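Q: The UniProt record's numbering numbers the first residue of the sequence shown as 1 and each following residue consecutively.
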Amino acid sequence: MSGSHHGAHGHTHGDHAHDHPHEHGHAHGHPHTHEATPVEGGVLGEAVDLTVPDAELSPAALSRRGVLRGAGLLGAGLSAAGAVGAASPAAAVGRAGGDRRGAEYRWLAGDHHIHTQYSPDAMYRVGDQVRAAHQYGLDWMVITDHGGETHARIGVEKTNPDIRAARRSNPDVLVFQGLEWNIPSAEHGTVFVAPGPNEVSVLQQFEQGYDGSVRGASSSSPANEALAVAGLTFLAQQVRDGRTPDALMLANHPARNGVDSPHEIRGWRDAPGRIAIGMEGAPGHQAAGIPVDALGPGSARGYYGNSPSANSFAGYPLESYRTWGGFDWMTSTVGGLWDSLLAEGLPWWVTANSDSHSVYGDWSVNPTGNDRTATGPDGRVFEVDGLYSDPVYGGGVQTGRGDFWPGFYSRTHVGVPRAGYRQVMAAMRDGRVWVDHGGLVDAVDVRVRAVTATSRESTLGGSLRVRQGDDVEVTITVALASGPNWATFRPELARVDLVLGQVTGAVADRDVFTTPSTRVVQSFDTTGVRAQGGTASFTYTVRDVGGPFYVRFRGTDGKRSQVGIYGAAVDPQGPALDVEGDADPWEDLWFYTNPVFVVPEGRPRGRR
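1. Given 8 Å as the limit, is there contact between the region 412 to 422 and the region 358 to 378, that is, 3 or more CB pairs closer than that?
2. Rounded to whole angstroms, what is the Cα-Cα separation between residue 409 and residue 533?
3. Going along the chain, which unbroken runs of the beta strand (DSSP E) with 3 or more residues stay wholly within the region 401 to 466?
4. So, at 8 Å on beta carbons, what are the nonlocal neighbours of residue 585 in its own chain, with the 5 sequence-adjacent residues on each side left out?
5. On the DSSP letters alone, give me the boundaries of the alpha helix (DSSP H) that residue 282 sits inside.
6. Candidates 490, 312, 241: which alpha carbon is nearest residue 442's?
7. For residue 406 and residue 495, what's the separation of their Cα atoms in angstroms?
8. Thinking just about the alpha-carbon of each residue, which of 508, 507, 502, 526 is nearest to the one in residue 517?
9. For a test of the three-state rule: what should DSSP assign to residue 110, helix, strand or coil?
10. Give every residue of the same chain whose Cβ lies closer than 8 Å to the Cβ of residue 182, excluding the five residues on either side of it in the sequence, and list them in chain order.
11. For residue 182, which beta-bridge partners are listed by DSSP?
12. How close, in whole Å, do the beta carbons of residue 589 and residue 530 come, if the pair is a contact with beta carbons under 8 Å?
13. Is the beta carbon of residue 312 closer than 9 Å to that of residue 257?
14. With DSSP as the reference, label residue 122 as helix, strand or coil.
15. Is residue 286 helix, strand or coil when you go by DSSP?
16. So for residue 337, helix, strand or coil by DSSP?
17. Closer than 7 Å by C-beta to residue 572: which residues in its own chain qualify, once you throw out the five before and the five after it? Chain order, please.
18. My output table needs one value for residue 253: the three-state DSSP class, helix, strand or coil.
19. I'd like the list of long-range same chain contacts for residue 184, defined as Cβ closer than 6 Å, with 5 residues on each side in sequence excluded.
20. Determine the direct distance from the alpha carbon of residue 453 to that of residue 84, and round the result to whole angstroms.
21. How about residue 595 and residue 461: are their beta carbons less than 9 Å apart?
22. Buried or exposed for residue 578, please, with buried defined as at least 16 other CB atoms from any protein chain shown within 10 angstroms of its CB.
23. Which stretch, first to last residue, makes up the alpha helix (DSSP H) that contains residue 237?
24. Quick one, which of 413, 510, 472 has its alpha-carbon nearest residue 268's?
25. How many whole angstroms separate the CB atoms of residue 390 and residue 125, which I take to be in contact at a CB cut-off of 8 Å?
26. Using alpha carbons as the reference points, say which of 121, 424, 110 lies closest to residue 402.
27. What did DSSP end up calling residue 117 once you bin it into helix, strand or coil?
28. Return the bridge partner residues of residue 477 from the DSSP annotation.
29. Among the residues of its own chain, which have a CB less than 7 Å from the CB of residue 591, if the five just before and after it don't count?
30. Indicate whether residue 270 and residue 346 have their beta-carbon atoms separated by less than 9 Å.
31. With burial defined as no fewer than 16 other Cβ atoms inside 10 Å of the residue's Cβ, what is the status of residue 241: buried or exposed?
32. What residue from 475, 467, 451 has the CA that sits closest to residue 459's CA?
33. Drop a sphere of 10 angstroms on the beta-carbon of residue 172, count the other beta-carbons inside from all chains shown, and report buried for 16 or more, exposed for fewer.
34. On the DSSP bridge list, what partners appear for residue 393?
35. Do residue 174 and residue 155 have their beta-carbon atoms positioned less than 9 Å apart in this structure?
36. Taking the alpha-carbon positions, what's the residue 206 to residue 109 distance?
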């Protein structure tokens, strides 16, 4: 890689010699930003290969083909032959061509993983969490109390009046009802539905029929894995039957215990109806890593301090059980599991959240000390009533807790045309999502367009169709932090990294969790940009596109970095392994975006 710097704007140029695509990057510290334009999520696989008859498709591919046909997408040039570069047997397929420039999105910050007094290990009222989320700048949130026998029997029903009251009292916050699913044979997952008359009954039926704890199906086995897929299929059926407008699932803290195997994640992703859309890119419990000498709990960041068990996937390395820069190993590893999923050309998105149970530095306590069988001041017994007595003030400053309030540290930003419950869910399904820690930046805007057809472009989660041989411009505009975060300092963005990976198609081994074609292709220095107006815009050009690929971004305050797991040629300055007991989350801030896919088709353009 060669580069040079020019002028006051800090332009950098780099040329790279690779098989394909060919890349060329440049950066501009211009003080302007743009609104992103709408796009649809990309898909890839046998469903669009019309040479394969319906009878020979897998159930997931047959379902996907039916969706595409119903939307009028098949038969309109979206066959595998029409969407694939000559060098690739795979196809990443989106709605034709991207979208016109000029449409705008409103970006809403939220959190999809929050607990209340209806969880056996939490304490706050629903209203407490909603008020805190509003105070700390969130626009939407999901209440996700733990699944289990008591919750399945009465918890879902009892929580609903509190959620409805919170919606009335906090009209500026969209409050979803969900639950934390004990995924059969695996870890936990957020499941939530759009508000409606059946939100209680759908969640209750789902939990009673498909929760691993309720069904005694927690251990790893093919039968339990099938039960998890059946649960997702049940939710898809509820949407098709009109019992709920929408339902989504996200895998929570997926690498914490090593029990979410790659083939299980692919199985959830490929289940009918696209209910499972992604995973926590960064877990909650970020305060857990604050050192004891800094008046913290001195634990593992995210409570990622575990070791393999009998149910863990044997292929995962020991370092996967720790966070890296506060992010899950599956997300933080360039060329790792997340990239291996994206290299198939299929949508799988990342989020971030608080997993808030009990908050670091708070003075209130659970009056029964989270004893499920104890009687609280108002006579409540958790095992009988399904919730604890209300928290009480007076326990002193609690420095042994590992959680932050929703919005205080972790944020998931979704791009919507207008605010609304279904709009948020649609944006999440489409991957129009970026995440950050500690208020590292105020806003992120990503656009991908062909140099010869700049009237159409795609943004996060989208697929841009171009002609073979086109040059493609990838632009990110970052609005730097304009003020102090909730820790009372203004973060300074030091670097933005562009990650590029080739789309190579479906994998033969569904337990693969690496992809050699993905790497950091350009890093942009953002130090000193603030004097130029508070935004930084960087453009990278991929030359002479010959096969499908995707791009994604991450950014950092630059305080902690190390060479990535697969070496400097793949990731020269990746996030550092978090040290148990010494991982102050405020001294290691990152943002991540979801990818944009690019799909070349047709004959190469003539040389210009």
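For every residue, glycine included, the Cβ atom is placed at its ideal position computed from N, Cα and C. Everything numeric in this text was worked out from a predicted model, so none of it was measured.
A: Reading off the structure:
1. no
2. Translated into positions along the sequence shown, residue 409 becomes position 409. Translated into positions along the sequence shown, residue 533 becomes position 533. About 25 Å.
3. 410 to 416, 433 to 437, 441 to 450, 453 to 458
4. Working through the sequence shown from its first residue, we reach residue 585 at position 585. So the qualifying residues of the chain are 286, 287, 289, 290, 301, 326, 409, 437, 438.
5. For the purposes of this step, residue 282 is identified with residue 282 of the sequence shown, where counting begins at 1. Element bounds for residue 282: not the alpha helix (DSSP H) but the beta strand (DSSP E), 276 to 282.
6. Translated into positions along the sequence shown, residue 442 becomes position 442. Of the listed residues, the one whose Cα sits closest to residue 442 is 490.
7. Reading the sequence shown from its first residue, position 406 is the one you call residue 406. Reading the sequence shown from its first residue, position 495 is the one you call residue 495. Taking the straight line joining both Cα atoms gives about 26 Å.
8. Residue mapping note: residue 517 aligns to position 517 of the sequence shown, counting from 1. Considering only alpha carbons, the answer is 502.
9. Stepping through the sequence shown from its first residue, residue 110 is reached at position 110. Strand at residue 110.
10. Looking up residue 182 in the sequence shown gives position 182. Answer for residue 182: 146, 147, 148, 188, 211, 212, 213, 214, 218, listed in chain order.
11. Translated into positions along the sequence shown, residue 182 becomes position 182. Residue 182 is bridged to 188.
12. Along the sequence shown, one-based indexing puts residue 589 at 589. Along the sequence shown, one-based indexing puts residue 530 at 530. That belief does not hold up - the Cβ atoms of residue 589 and residue 530 are roughly 16 Å apart, past 8 Å.
13. The count along the sequence shown starts at 1 and reaches residue 257 at position 257. The count along the sequence shown starts at 1 and reaches residue 312 at position 312. Yes, the pair counts as a contact, with Cβ atoms nearer than the cut-off.
14. As a position in the sequence shown, residue 122 is number 122, starting the count at 1. Residue 122 falls in the coil class under three-state DSSP.
15. Working through the sequence shown from its first residue, we reach residue 286 at position 286. Residue 286: helix per DSSP, three-state reduction.
16. Translated into the one-based positions of the sequence shown, residue 337 becomes position 337. Reduced to three states, the DSSP call for residue 337 is helix.
17. As a working note, residue 572 is residue 572 in the sequence shown. 520, 563, listed in sequence order.
18. Numbered from its first residue, the sequence shown carries residue 253 at position 253. Coil at residue 253, not helix or strand.
19. Counting from 1 along the sequence shown, the entry for residue 184 is found at position 184. The answer, listed in chain order, is 212, 217, 224, 227, 228.
20. Numbered from its first residue, the sequence shown carries residue 84 at position 84. Numbered from its first residue, the sequence shown carries residue 453 at position 453. Here the model assigns residue 84 a pLDDT of 25, short of 50, so the residue's position is not dependable and the matter cannot be decided.
21. Position 595 of the sequence shown, counting from 1, holds the residue named residue 595. Position 461 of the sequence shown, counting from 1, holds the residue named residue 461. Yes; because the gap between Cβ atoms is below 9 Å, this pair is in contact.
22. For this step, residue 578 is matched to residue 578 along the sequence shown. Buried, by the Cβ-count rule.
23. Numbered from its first residue, the sequence shown carries residue 237 at position 237. Its alpha helix (DSSP H) spans residues 222 to 240.
24. If you number the sequence shown from 1, residue 268 lands on position 268. Ranking the options by Cα distance to residue 268, first place goes to 510.
25. Counting from one through the sequence shown, the residue named residue 390 turns up at place 390. Counting from one through the sequence shown, the residue named residue 125 turns up at place 125. About 6 Å; that satisfies the 8 Å criterion.
26. Walking along the sequence shown from the start, residue 402 turns up at place 402. Ranking 121, 424, 110 by Cα distance to residue 402 puts 121 first.
27. Start at 1 with the first residue of the sequence shown, and residue 117 comes out as number 117. Note: residue 117 maps to coil in three-state DSSP.
28. In the sequence shown, residue 477 corresponds to position 477, counting from 1. Note: residue 477 sits in a beta bridge opposite 445, 537.
29. In the sequence shown, the residue the question calls residue 591 occupies position 591. Counting only Cβ-Cβ distances below 7 Å, and skipping sequence neighbours, we find 434, 435, 436, 440, 441, 444, 554, 555.
30. Stepping through the sequence shown from its first residue, residue 270 is reached at position 270. Stepping through the sequence shown from its first residue, residue 346 is reached at position 346. Yes, the Cβ-Cβ distance between residue 270 and residue 346 is below 9 Å.
31. By 1-based counting over the sequence shown, the position of residue 241 is 241. Answer is exposed; the Cβ neighbour count stays below 16.
32. Looking up residue 459 in the sequence shown gives position 459. The residue with the shortest Cα to Cα distance from residue 459 is 475.
33. Sequence index remark: in the sequence shown, residue 172 carries index 172 (1-based). Classification for residue 172: exposed.
34. Here residue 393 refers to the residue found at position 393 when the sequence shown is read from its first residue. Its beta-bridge partners are 364.
35. Against the sequence shown, residue 155 aligns to sequence position 155. Against the sequence shown, residue 174 aligns to sequence position 174. Not in contact: residue 155 and residue 174 (Cβ atoms no closer than 9 Å).
36. Against the sequence shown, residue 206 aligns to sequence position 206. Against the sequence shown, residue 109 aligns to sequence position 109. C-alpha separation (whole angstroms): 28 Å.
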